[in-house]
Structure formats: structure tokens, C-alpha cells
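Residue numbers (our numbering), protein chains in the order written: chain A, 635 to 878; chain B, 635 to 878.
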């Protein structure tokens, strides 16, 4: 028996009940595009991000706190909100020092599920902050669940690839007895030299959905490691940067 | 828009609710070892197989019908039953003309779920009858769901590989707009030259479980295409061979 902490990959929020998340660090993964946008906005100096699970709640909080409201439904800016879910909407000149209320289709839902199930710590993961996530997981030496937000509960390629990237970098430090983790790592190894091309070649459903909106540039950005390499942690209802 | 029927891969019974199984052929996949054993017993002349979801029901039916009772729980012969879940227990000399009542951990459960949700047709899939399954799917030209039985609802490597093998062979005939199918096909392409070695190298949980029971030979057998190449269809509560 190993004394290393366990690491599991959960490919969909609809599978989260199979894992005991207590005493775990849960990494919420929603590569296209919630957790990429979160990393970017905080990297660019946003004070905090409040993730909420409905457009109504987003509008209400935005009014109460007089802050930026943002979010997507089915990949587009949700009616009633000011901004969408593209990293390019959140440069430092715009978000510096500000509070953002963000609602997204899949990522926020998973975050609240993990919280309700008693996760010890919740961080968000995206390629944009891949190294920061991996370094934190290794340093903490606690049980880990890589939670893919998926698309309407169906496993997707890009979140699975990110889980595989993390497994690939941290596996020596964990007990990885989990087929989903091994499959994710195999797929990442296959895709890592050109993840955009991998998604295109394999007809990734999100590739089609976003290119249909003209968002090729967003996809390429979200697949680039360490462009916003900070650790984003959920604390008291808000996502903030954890000082490195 | 294509006029081809859709094909989806469902990586776990816990995700089946995401798919509309009505008007679909559902392929129940439990490579290690339920659907492999089913193919073998029917290929070797068994009259029919009655899949049941509990050991108690298996014992009861075995008594009423005076037939063979078989099943595993956690990979071993279940207490109170006569036989296990290895293809090697069902040679023609033993099962020819007989009825088998079989209970398994994951495969039977998925079969009953698909039935309850209104699948038009249920067949079972394993590498042992890979070609028969693919030829049938192409010939029927109906919507398909490849349903992985998984392990206690957690996606596993071997069922995913089988789904990938089917996708690889039939995809030209279907509309495959499904990340799980594409991921399964990528993994199959990576593994197909030596699937046993792939499972071993990637620490497949079922590889460990079964080799722990000395069942290396079973795994190798279950990963060999077309050794029992018949079509097994669920009809009126029983699995039977569909004449080719």
C-alpha cells in the first residue's frame, strides 16, 4: 500500500456522487470557457469573482453590488447580462480591482455540487493556469478529484484533456487507481502537440459549437498553457487568487 | 444535415438518462466479463440466457426451471450459484441446448435500465462478437447507443475500448456527434495492436482485479475479436442468438 493520497478523475457532474469528495481538493474544470475566463479575469487583477448558478441571481447580485455581470447560456452572452464568457472581454484595463458576478452553464453547477458535498477545498483549473494548479496539488499532498464540468453532463474532450494534462504532471505524487484518469492521460499524450488540431480532427462538439459563433481564437487561447498562471480558489462564496 | 442515424456512446449506466433510448438499438457492453460470457455460451449452443439482477432471483429461477445458475459478484462466483463468469466454464459439451440464468454486477443492471427506458432493441457486445455487432448495426440503419456497463458506474477502459472499436468500424454509416464516441475511438486506435498490454500499461482497474484472481487468460480471451461471432439479442426476457 502506498501512502500517497488518491487522485480520481470524474468525467461528468452526473458521476460526482460516485466519489467521496470530503477531505478532497476538487479541481473544477470547464476549459471552454468558464474556468479559463475565471483565471484570466483574476490574473488581470479582478478583485474577486462570484460564481452563481442562474441568470436571475446574476442580475440581482450585479444590481446589489454594483458590479460587472457576465455569463453564457449555450455558449453565448445570456440575455440581461453585460458580458460574455470570453477571456478577451476581460483585459486588465477593464477588470482591474473589480468584482465580477459570473454565471455559466456547466462549471458553476459543478462548483456548487462539490461544495454541497463537503469538499475541503475547491480550485478551478484550465490550461491557462495549468502549472499553478499542478504545483498546488503536489504541495498540498491531499486527496484530489479532477472534476470535469462536461457539457450538459455529457463528458467532453477538452475537459478530459485538461484532466489528462494534470494527471500527466502530478501522477508520481498520487495513487491513481482510476480508469478515467488513465484514459484522460492517454488522450492528452495523443493531443498535446496540437490540441486545437486534435479537437478539430475528432469533431469535438464544443469545437463545432464555438467555431459556429466565430470563436476559433477563443478556443486556441483556452488551450494554451500558463497564459494566466495563478491559483484561483473558492473561498466564502468567491473565487480569489491564492497568493503563490 | 445528414440523413444518417445518430450514434452515441454512453460511458456509464449513471449517464444513461442523458440519452433518449427510444427508437434506439442499445448495445450493452460488459467486456470483463458478462457480455463475453453471454456470447461464448450462446455461440457454444446454449438455448438461451436469462439475465437477472440479483443472486436471490438467480437461485430462485434456477430452481424453478431446473437450469444452470451462474454469476459473479465483485469478479468471483457468487455464493449460492453453481458457476462463475468465465467463458472457459461454458464449453459446448456443457452448455449445448441448456438454459443459463446469469446474474452479473454491472451488465445486467444496464440491460434492465435500457429496457425500462424503452429501447427498441437490445443486443450485447463484446470483442468476441465484434463483427456480428457491427454488421447488424450497419444493416439495421437505426439510431444506436453504445452503452458501457462500467464498474460500479465508473467508466472503465475495456468497455470504452470496445465502444471505440465499434465506432471505428461503423462510423461512416452514422452521424457521430458525440465526444465520448470520439474519445473511445482514439483510445481504441491507440490500443488495438495489443489491448492486453494497453490495459496492463495503463493500470486498468479491472486488469488488477482479475489478475489478482489469476484470470490473465480470461482477460486475453475477452480481448480477442470474433472468437464467438454471433449476434446476441434480448427478446422476451431472454438472450438468444439472432440468426445471421
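Heads up, the beta-carbon is just placed ideally off N, CA and C, and yes, glycines get one too.
Chain A contact for residue i (CB, 9 angstroms cutoff)
i                      : result
residue 806 of chain B : no
residue 821 of chain B : yes
residue 778 of chain B : no
residue 838 of chain B : yes
residue 810 of chain B : yes
residue 813 of chain B : yes
residue 646 of chain B : yes
residue 824 of chain B : yes
residue 789 of chain B : yes
residue 885 of chain B : Look at the range of chain B in this structure, 635 to 878, and you will see that residue 885 of chain B is not part of it.
residue 739 of chain B : no
residue 605 of chain B : Because chain B is modelled from 635 through 878, residue 605 of chain B falls outside the range shown and cannot be assessed.
residue 845 of chain B : no
residue 829 of chain B : no
residue 816 of chain B : yes
residue 855 of chain B : no
residue 614 of chain B : The first residue shown for chain B is 635 and the last is 878, placing residue 614 of chain B beyond what the model contains.
Span of the beta strand (DSSP E) around residue i
i                      : result
residue 778 of chain B : 777-782
residue 733 of chain B : 733-737
residue 867 of chain B : 865-869
residue 717 of chain B : Unbroken run through residue 717 of chain B: none, as it is neither H nor E.
Residue i, buried or exposed, once every other Cβ within 10 Å from all chains shown has been counted against 16
i                      : result
residue 727 of chain A : exposed
residue 760 of chain B : buried
residue 792 of chain B : buried
residue 847 of chain A : exposed
residue 637 of chain B : exposed
residue 648 of chain B : buried
residue 667 of chain A : buried
residue 773 of chain B : exposed
residue 796 of chain A : buried
residue 754 of chain B : exposed
residue 842 of chain B : exposed
residue 786 of chain A : exposed
residue 849 of chain A : buried
residue 819 of chain B : buried
residue 808 of chain A : buried
residue 664 of chain B : buried
residue 852 of chain B : buried
residue 775 of chain A : exposed
residue 688 of chain A : exposed
residue 722 of chain A : exposed
Limits of the alpha helix (DSSP H) - the one that residue i falls within
i                      : result
residue 745 of chain A : 741-750
residue 872 of chain B : First-last for residue 872 of chain B: 872-876, but that is the beta strand (DSSP E), not the alpha helix (DSSP H).
residue 642 of chain A : Where residue 642 of chain A is concerned, there is no enclosing alpha helix (DSSP H), although the beta strand (DSSP E) it sits in stretches over 641-644.
residue 727 of chain A : 726-729
residue 852 of chain A : 850-856
residue 723 of chain B : Unbroken run through residue 723 of chain B: none, as it is neither H nor E.
residue 638 of chain A : Unbroken run through residue 638 of chain A: none, as it is neither H nor E.
residue 847 of chain B : Counting along the chain, residue 847 of chain B falls outside any alpha helix (DSSP H), and DSSP gives it neither H nor E.
As assigned by DSSP and simplified to three states, the class of residue i
i                      : result
residue 841 of chain B : helix
Chain B within 9 angstroms of residue i, Cβ atoms only
i                      : result
residue 649 of chain A : yes
residue 663 of chain A : no
residue 639 of chain A : no
residue 834 of chain A : no
residue 652 of chain A : yes
residue 794 of chain A : yes
Any non-hydrogen atom of the ligand PLP within 8 angstroms of residue i CB
i                      : result
residue 734 of chain B : As for the ligand PLP, it is missing from this structure, which has no ligand bound.
is_contact[residue i, chain E] using C-beta, thresh 9 angstroms
i                      : result
residue 716 of chain B : Within the model displayed, chain E is absent; protein chains A and B are what it includes.
Pick out the complete beta strand (DSSP E) segments inside the stretch 649-707 of chain B, 3 residues or longer, and give them in chain order. 658-663, 682-686, 702-707
Could you tell me which whole alpha helix (DSSP H) segments of length 4 or greater appear in the stretch 749-827 of chain A? 764-774, 791-804, 813-825
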